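Working notes, beginning with the structure itself.
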Amino acid sequence: MTIRSRRATIASRHPFRIHGIERMRPAGVYPVITDEEKIGSDTVSAWRRVGTSIIVPVEGVLGSVEMLSIRGRPCGGGRRRRGPC
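To convert, note that position 61 of the sequence shown is 61 in my numbering; the numbers rise steadily by one, no gaps.
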């Protein structure tokens with residue numbers, strides 16, 4: 001089974017809440033990582049998303065980050081910026 005990870009960046013101008021995570025996230029720029037697995041055969045290439053995570057700063061610990069598992073888009077109003085894959 002082949003798995004790939006794609007990285008993108010979202011930008012939010014306003015504080016936002018992620019479904020399933022209690023605390024509000026401040027406005028800012030956040031990396032988002034999507035893991036996908038290859039499905040199908042050698043003649044047809046298709047990928048299925050198996051997980052999405054957002055990287056956020058840890059509250060109260062300067063310079064530390066945590067990776068939170070999310071479903072779908074983390075911020076409906078956020079602007080997506082392409083990053084390196």
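Using N, Cα and C, we set each Cβ at its ideal position, and we do this for glycine too. Note that the structure is predicted; figures quoted are calculated from it, not measured.
Ser64 and Pro57 have their C-alpha atoms spaced approximately 6 Å apart. Its chain contains Thr34, Glu36 as the residues whose beta carbon lies nearer than 7 Å to that of Arg49, once the 5 sequence neighbours on both sides are disregarded; these appear in chain order.
As computed with DSSP, Leu68 is found in a beta bridge with Ile54.
When DSSP reads this structure, Asp35 sits in a beta bridge with Ser5, Gly51.
Judged by DSSP in its simplified three-state form, Ala27 adopts coil rather than helix or strand. When the five nearest sequence neighbours on each side are left out, the beta carbons in the same chain lying within less than 7 Å of the beta carbon of Pro15 are those of Met24, Arg25, Pro26, Ala27, in order along the chain.
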